[in-house]
Amino acid sequence: MGVTILTQFNTENRSGPQNIEILSKRILALGATQQGQFLVDCETYTSVPQLGHQRTVHVLHNSEQPATVFSLLETGAKTIPLATDGLFDLLMMKMSHFYTSKKQTKSESKGPRYEIGDFCVKLGTVTVSSNFKGVLVEVEYRPCVVPAMCWDLLKEFLQGFLGLSGPTTPPTYLQNRMQENYSPIDTIHQYLEHFTMFRKSPGIGMRP
Amino acid sequence: MSAPGNAMDSLSAALKCNIIPNQEYLLQGSVLDQYVEVLLHRLRGLCDNVDSGPESFHDHELCFSLRIANTGATTPMSVFSLRVRRALDVSDTPYQLRYIGQQELGDKNRPTVVRSSIDMACSSTIVDFLTELGCRVDFEYIARGYMFRKGRMKITVSKIFKMGGNKPGETVEPISQSYLVELSVLAPSGQDAIAEDMRIFAEQLRPLVQLEKIDYKRLGNIM
Amino acid sequence: MSYSVNISVEATIENQIQEIQYDGTEIYQPPLTLSESLAKYAQKIDFSKTSEVDIKKEESSEDSKSDTDSKDAFQSSIWPWDSVRTKLRSSLQEICVLADVLAIAKEKRYLVLDPVQQEPLETKPMVQIYARKKALGGAANVLLAGAEKMKNSQTEAARNRTTLDFHIELLRLRQNWRLKKVSNTIIGDLSYRTTGSKYLQTGTFEVTKAEDEEKPSSPPSSPLPGGPIPSKPNSALRVSIPTELQGVAYIEVLCQKDQEDLCSVNLNLMGTAPPPSNPDMHWQQKLEAAQNVLFCKELFNQLAKEAVQLQAPIPHMVVGNQIMATVLPGIQLIIGLRHSTSGDKKQQTPPPSKSDHDHVLEHSLHQLLREVHHKNTHHPFPHPATGPLGPSKKRMLAGPLAADRHELLEMTKTQTLLEQIVQQAQHFIMRMRTEYVLDTIAKEVKDPLISSHWNTLNSPTHSCVKIHISTHGYDAVCRTPLIIHVGEKSLKCICRDGKVMNMSYEPQELRDLIFCHISQHQIVAVQALAKTMGWQALGNSNHLGTGAVEPLGNSSSCLLSSPTGDRIIAVRCEPQAGPQVSVAHSPRTDFFPSRLVTERKWEHLGGQFRDVRLDKMEGRNFLHKMELLMASLTSNS
Numbered sequence: 012m013g014v015t016i017l018t019q020f021n022t023e024n025r026s027g028p029q030n031i032e033i034l035s036k037r038i039l040a041l042g043a044t045q046q047g048q049f050l051v052d053c054e055t056y057t058s059v060p061q062l063g064h065q066r067t068v069h070v071l072h073n074s075e076q077p078a079t080v081f082s083l084l085e086t087g088a089k090t091i092p093l094a095t096d097g098l099f100d101l102l103m104m105k106m107s108h109f110y111t112s113k114k115q116t117k118s119e120s121k122g123p124r125y126e127i128g129d130f131c132v133k134l135g136t137v138t139v140s141s142n143f144k145g146v147l148v149e150v151e152y153r154p155c156v157v158p159a160m161c162w163d164l165l166k167e168f169l170q171g172f173l174g175l176s177g178p179t180t181p182p183t184y185l186q187n188r189m190q191e192n193y194s195p196i197d198t199i200h201q202y203l204e205h206f207t208m209f210r211k212s213p214g215i216g217m218r219p
Numbered sequence: 029m030s031a032p033g034n035a036m037d038s039l040s041a042a043l044k045c046n047i048i049p050n051q052e053y054l055l056q057g058s059v060l061d062q063y064v065e066v067l068l069h070r071l072r073g074l075c076d077n078v079d080s081g082p083e084s085f086h087d088h089e090l091c092f093s094l095r096i097a098n099t100g101a102t103t104p105m106s107v108f109s110l111r112v113r114r115a116l117d118v119s120d121t122p123y124q125l126r127y128i129g130q131q132e133l134g135d136k137n138r139p140t141v142v143r144s145s146i147d148m149a150c151s152s153t154i155v156d157f158l159t160e161l162g163c164r165v166d167f168e169y170i171a172r173g174y175m176f177r178k179g180r181m182k183i184t185v186s187k188i189f190k191m192g193g194n195k196p197g198e199t200v201e202p203i204s205q206s207y208l209v210e211l212s213v214l215a216p217s218g219q220d221a222i223a224e225d226m227r228i229f230a231e232q233l234r235p236l237v238q239l240e241k242i243d244y245k246r247l248g249n250i251m
Numbered sequence: 031m032s033y034s035v036n037i038s039v040e041a042t043i044e045n046q047i048q049e050i051q052y053d054g055t056e057i058y059q060p061p062l063t064l065s066e067s068l069a070k071y072a073q074k075i076d077f078s079k080t081s082e083v084d085i086k087k088e089e090s091s092e093d094s095k096s097d098t099d100s101k102d103a104f105q106s107s108i109w110p111w112d113s114v115r116t117k118l119r120s121s122l123q124e125i126c127v128l129a130d131v132l133a134i135a136k137e138k139r140y141l142v143l144d145p146v147q148q149e150p151l152e153t154k155p156m157v158q159i160y161a162r163k164k165a166l167g168g169a170a171n172v173l174l175a176g177a178e179k180m181k182n183s184q185t186e187a188a189r190n191r192t193t194l195d196f197h198i199e200l201l202r203l204r205q206n207w208r209l210k211k212v213s214n215t216i217i218g219d220l221s222y223r224t225t226g227s228k229y230l231q232t233g234t235f236e237v238t239k240a241e242d243e244e245k246p247s248s249p250p251s252s253p254l255p256g257g258p259i260p261s262k263p264n265s266a267l268r269v270s271i272p273t274e275l276q277g278v279a280y281i282e283v284l285c286q287k288d289q290e291d292l293c294s295v296n297l298n299l300m301g302t303a304p305p306p307s308n309p310d311m312h313w314q315q316k317l318e319a320a321q322n323v324l325f326c327k328e329l330f331n332q333l334a335k336e337a338v339q340l341q342a343p344i345p346h347m348v349v350g351n352q353i354m355a356t357v358l359p360g361i362q363l364i365i366g367l368r369h370s371t372s373g374d375k376k377q378q379t380p381p382p383s384k385s386d387h388d389h390v391l392e393h394s395l396h397q398l399l400r401e402v403h404h405k406n407t408h409h410p411f412p413h414p415a416t417g418p419l420g421p422s423k424k425r426m427l428a429g430p431l432a433a434d435r436h437e438l439l440e441m442t443k444t445q446t447l448l449e450q451i452v453q454q455a456q457h458f459i460m461r462m463r464t465e466y467v468l469d470t471i472a473k474e475v476k477d478p479l480i481s482s483h484w485n486t487l488n489s490p491t492h493s494c495v496k497i498h499i500s501t502h503g504y505d506a507v508c509r510t511p512l513i514i515h516v517g518e519k520s521l522k523c524i525c526r527d528g529k530v531m532n533m534s535y536e537p538q539e540l541r542d543l544i545f546c547h548i549s550q551h552q553i554v555a556v557q558a559l560a561k562t563m564g565w566q567a568l569g570n571s572n573h574l575g576t577g578a579v580e581p582l583g584n585s586s587s588c589l590l591s592s593p594t595g596d597r598i599i600a601v602r603c604e605p606q607a608g609p610q611v612s613v614a615h616s617p618r619t620d621f622f623p624s625r626l627v628t629e630r631k632w633e634h635l636g637g638q639f640r641d642v643r644l645d646k647m648e649g650r651n652f653l654h655k656m657e658l659l660m661a662s663l664t665s666n667s
């Protein structure tokens, strides 16, 4: 478990598979080896109107932590994270009277997973309710848990294979937490941030 | 390595294969304080691995419920209750979130109560999470006692305490002069054979404790 | 058949016996009076029979009539209710007759009804008496035999109070073993199933009373005169054990180098067990032996299963009752199950143990399976109490703490028994090799001294040894400590300066390392000694680049100058060749100006080094010689 930076890759009018292919070639050229696939998905539930002011529950799964279901509850004022066993999904089904899922917002990011030294790189194709939306690149630096101490290293690494479209500032979610210990829920927060952005953005209209 | 499947897909597959233990077989009873030692002694004789003495526990349980008032005639009032429990005596243990469904008493031939139960370990943010979700705390209590194991069966002998102060453990007073005795098994649905085993085990505790199918609805009528 | 005798049978004239009194007098029945005998005979007539015959006659006559009558009548005769009708008719007739008879009898003018004494059933009283006599005799015999047996056992118990009562013995047995009663037999279980074993073989035995088997040899009637019985039973209990659990078994563990044994361990839980064939062995020992057999079988079975399943670089071999696993190159671990029943007992006894038993390995093999058993039954309890039974605390936390795939995989990994025992054997050999290397070096090298201290506390797969290199008489001046961690397949040495050296299982590597450290120790010690002598260390190098190439390691050296600076000692120490010492004087004691060296001050630059022949010098060891050398050079000036 280390620090993870999630960044969107500028598509430059290329299709999703083309983008993934280019990035794969670059990362393989650096000496990475592919270690399977990964998948992060997100489903969003909203409260029924009888329950008072609207609240949203995002339920996310990350294949990196297969025994865990992450949930983020947004009340408007604050966001409360929760990590539970796999059976939480079953509970959400039972709660269908109170919280209904919005199928059209079901998002996921999936693709190949590479390891290169202490880094783990994941190239994800993002789809929102099966519509292609973009490419997310996740880079994890495993030996360190404090973002501030490895941000520069990560930035350099990212720029090394993303080129100019690499990030120059830390992700907004992390900016206030640079000195804190990083935990897997922080990765989930970043994914949710990006998924929310993708949902709002107009679809590119290309199927991956 | 194959591509990881969607979590929901694998969950529904597990549901289909019936490997998720979501049924709780339950028998309940009580024993007066002065006889609890006798009961513990008997349980030590009957249960597995009590060579190191019975395992004690000290838990704090909060009962939440999520309810919608019946706004119209067509929608009946629906209540959804959840229990959060945590250990006070052992550190580094997760919070336990529990959904317990309607209990089925069944006919006389069925030896135990069967109720659906979803049990999961969760992080400590669960209390905030449920509060913000719209749940409200119905009641809370402290349970302290011993647990035993016999095969797949779990036997708990617990004393229930009222919460006095705001913080758990400040001032607690016992709710009654007796201990609650529960015999339960968590199993995937359809494993009714275990209920028979439970009945046989409960027989062995008689007449010290009468472990029975307790009908809460009937209790409600009495009070 | 050729001739027959006529036997005439006639009724006895005597009257029937009514009663036989206790004194034997028989009371006869009085003979019947005439009217009584008439009544008796009249009673014997079966009236119903005659009437039936009459009816049949009537019917047949009717039938003959109706046959001639018409077809309707014929049909009526086979009418289904016909028989019922006729029966009803006849019963009506009888009722009518009965009513008539009753009416007549009531008048008491024409008919008187006399009570008739019912004749006792036609029985043969003598036969009955004989039968009863016989039955009673049988019952009496049973009771007598029972009484005899009780009397016998009581007298025996009274005479021989040391023999224990069957029930007391049974109670003792029950305190240590699991027993249950199945119909008339007592069945016991000596398997380890209740303690977590999942081995399929059953370990049932039967408990019988020893006395029952002796009975045929000694008739119960004779109360065994003459004190001790030839086969004196030790106990009133006899346990019969299935044949596959009889005898004695043990697991033999051998570490073999090519064909020669490095060590041999006999795992025998019984320790010094008496020969198994002895039928008079006490049941406790007998049961323990059988349980030991079962345990060894389970252990071997488990190991064999693992040996087949495990994917080792050099595959494990399972042949018959033997498992062979390669521990280190050229060294095999051989685990064998030796089970000797009473038959081939003599073959098993002779093999002499080549080396003494290693009780550590013996204990650990024993322990490993017990640990498996323990884990099978001791599941952790959940906290809080409503949690599910089964998953470990770590697994329970995996969800909330978001354990990643690697951590989850680690949780599922378990080491098999064979892997663990192979590791322990590897460590055992590594430790032995290390010991051997250290001991031989200590023997070979007298200067400096090598002392090793083994930690008393170690784990089965890890131990630690601390080595001190010091010179006799100078251990306060300089001492080189080394710590060597002995693992399963490698050694880790932590040097004086904190450097960590990892070595493989080859003992030569350790040997070389120690020699390098010895040479370095000499140089360091000389410098420390120089300091105490007021000499000055001009420089030193642990890895000298000059000179001939060393076969192992590098030579180290140092330069020392005397307090006044006019003498210089150079020491070079090679791991193999040992120390060399050279001395230089500056300035030379005599000075003759020449054209090149015009002034005396140039002589301070140092002169030529001349070798010191250390072996000719006086002194106990190298440091002592150096001390003498330095002292002599100092005083000379």
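Protein chains in written order, with my numbering: chain A, 12 to 219; chain B, 29 to 251; chain C, 31 to 667. Where a beta carbon is used, it is the ideal one built from N, C-alpha and C, also for glycine. If you're wondering where the values come from, they're calculated on a predicted model, not measured in any experiment.
> Whose CA, out of B:ASP76, B:PRO139 and B:PRO49, lies closest to the CA of HIS175 (chain B)?
Replying inline: It should be noted that the sequence gives Met, not His, for residue 175 (chain B). For MET175 (chain B), the closest C-alpha among the options B:ASP76, B:PRO139 and B:PRO49 is that of B:ASP76.
> Opposite PRO511 (chain C) in the DSSP bridges: which residues?
Replying inline: When beta bridges are read from the DSSP output, PRO511 (chain C) appears opposite C:HIS498.
>> For a cutoff of 8 angstroms on Cβ pairs, would you count LEU540 (chain C) as touching chain A?
In response: For LEU540 (chain C), the answer is no, since every Cβ of chain A falls outside 8 angstroms of its Cβ.
> Who are the neighbours of THR153 (chain B) on chain A, taking C-beta pairs under 7 angstroms?
Replying inline: Scanning chain A for C-beta atoms nearer than 7 angstroms to the C-beta of THR153 (chain B) yields ILE91, PRO92 and LEU93, reported in chain order.
> Would a C-beta distance cut-off of 8 angstroms place GLU149 (chain A) and LYS166 (chain A) closer than the cut-off?
Replying inline: Against a cut-off of 8 angstroms, the Cβ pair of LYS166 (chain A) and GLU149 (chain A) comes out as no contact.
>> Per DSSP, what are the beta-bridge partners of PRO92 (chain A) in this structure?
In response: PRO92 (chain A) is bridged to A:LEU83.
>> I'd like to confirm the pairing. Which residues does DSSP put opposite LYS522 (chain C) in its beta bridges?
In response: Under DSSP, LYS522 (chain C) shares a beta bridge with C:HIS515 and C:ASN532.
>> Let's see if you can read the secondary structure: which residues bound the alpha helix (DSSP H) around SER481 (chain C)?
In response: Boundaries for SER481 (chain C): no alpha helix (DSSP H) harbours it, while the beta strand (DSSP E) harbouring it runs 479-484, taken from the DSSP string.
> Does the beta carbon of ASP469 (chain C) come closer than 8 angstroms to any beta carbon on chain A?
Replying inline: Chain A, which has no Cβ nearer than 8 angstroms to the Cβ of ASP469 (chain C), makes this no.
>> For the segment 78-112 of chain A, list every residue whose C-beta sits within 8 angstroms of some C-beta in chain C, in sequence order.
In response: Contact residues of the segment 78-112 of chain A toward chain C are ALA78, THR79, VAL80, PHE81, ALA94, THR95, ASP96 and GLY97 (C-beta to C-beta distance below 8 angstroms).
> Within the 8 angstroms Cβ cut-off, does GLN201 (chain A) reach chain C?
Replying inline: Contact of GLN201 (chain A) with chain C is not assigned, every C-beta pair being separated by 8 angstroms or more.
> Counting only runs that start and end within the segment 94-146 of chain B, where is the beta strand (DSSP E) found for 3 or more residues in a row?
Replying inline: Runs of the beta strand (DSSP E) inside the segment 94-146 of chain B: 106-115 and 123-132.
>> Considering only the alpha carbon of each residue, which of A:THR18, A:GLU75 and A:LEU101 lies closest to SER40 (chain B)?
In response: Just measuring C-alpha positions, the residue of A:THR18, A:GLU75 and A:LEU101 sitting nearest SER40 (chain B) is A:LEU101.
> Distance, Cα to Cα, ILE344 (chain C) vs LEU90 (chain B)?
Replying inline: So the two alpha carbons sit approximately 58 angstroms from each other.
> What residues from chain C crowd round GLU75 (chain A), counting only those whose CB sits closer than 7 angstroms?
Replying inline: Residues of chain C passing the Cβ test: ASP434 and ARG435.
> Helix, strand or coil: which one does DSSP assign to ILE242 (chain B)?
Replying inline: Coil.
> What span of residues does the beta strand (DSSP E) with PRO202 (chain B) cover, start to end?
Replying inline: Element bounds for PRO202 (chain B): 200-202.
> Near LYS316 (chain C), what residues of its chain come up, given a Cβ to Cβ distance below 7 angstroms and the 5 sequence neighbours on each side ignored?
Replying inline: VAL269 and ILE271, listed in sequence order.
> Closer than 8 angstroms, Cβ to any Cβ of chain C: which residues of the segment 188-199 of chain A, in chain order?
Replying inline: Residues of the segment 188-199 of chain A with a C-beta less than 8 angstroms from any C-beta of chain C: SER194, PRO195 and ILE196, listed in chain order.
> What alpha helix (DSSP H) runs, 4 residues minimum, are completely inside the segment 417-488 of chain C?
Replying inline: If we require 4 residues or more, the alpha helix (DSSP H) runs fully inside the segment 417-488 of chain C come out as 423-428, 435-442 and 447-474.
> Would you call the segment 204-219 of chain B and the segment 155-169 of chain B in contact, with 3 or more CB pairs under 8 angstroms?
Replying inline: Not touching, per the Cβ criterion.
> Under a three-way DSSP split, which group does GLU119 (chain A) fall into?
Replying inline: DSSP places GLU119 (chain A) in strand when its eight states are reduced to three.
> Alpha carbon to alpha carbon, what distance is there between PRO61 (chain C) and ASN45 (chain C)?
Replying inline: For ASN45 (chain C) and PRO61 (chain C), the distance between alpha carbons rounds to 7 angstroms.
> Which residues in chain C sit within 9 angstroms of CYS150 (chain B), going by Cβ to Cβ distance?
Replying inline: Under the 9 angstroms cutoff, chain C gives GLY429 and PRO430.
> When the Cα of PRO28 (chain A) is compared with those of A:TYR125, A:GLY135, A:THR116 and A:TRP162, which residue comes out closest?
Replying inline: Between PRO28 (chain A) and the set A:TYR125, A:GLY135, A:THR116 and A:TRP162, the nearest pair of CA atoms involves A:GLY135.
>> Residues of chain C with CB closer than 7 angstroms to the CB of ARG113 (chain B), please, in chain order.
In response: Taking the beta carbon of ARG113 (chain B) as reference, the chain C residues within 7 angstroms of it are PRO414 and THR416, listed in sequence order.
> Where do the ends of the alpha helix (DSSP H) carrying GLU160 (chain B) lie?
Replying inline: Taken as a continuous stretch (DSSP letters only), the alpha helix (DSSP H) holding GLU160 (chain B) covers 154-161.
> Just checking my contact of SER106 (chain B) with HIS108 (chain A) at CB under 8 angstroms: how many whole Å lie between their CB atoms?
Replying inline: About 5 angstroms; that satisfies the 8 angstroms criterion.
>> Beta-carbon within less than 6 angstroms of ASN192 (chain A)'s beta-carbon, same chain only, minus the 5 sequence neighbours each way: which residues are those?
In response: Excluding positions up to five away in sequence, the list reads VAL156.
> How is the beta strand (DSSP E) around TYR71 (chain C) delimited, first residue to last?
Replying inline: From DSSP, TYR71 (chain C) is part of no beta strand (DSSP E) but of the alpha helix (DSSP H) over 64-74.
> Does the Cβ of VAL613 (chain C) have 16 or more other Cβ atoms within 10 Å, making it buried, or fewer, making it exposed?
Replying inline: Label assigned to VAL613 (chain C): buried.
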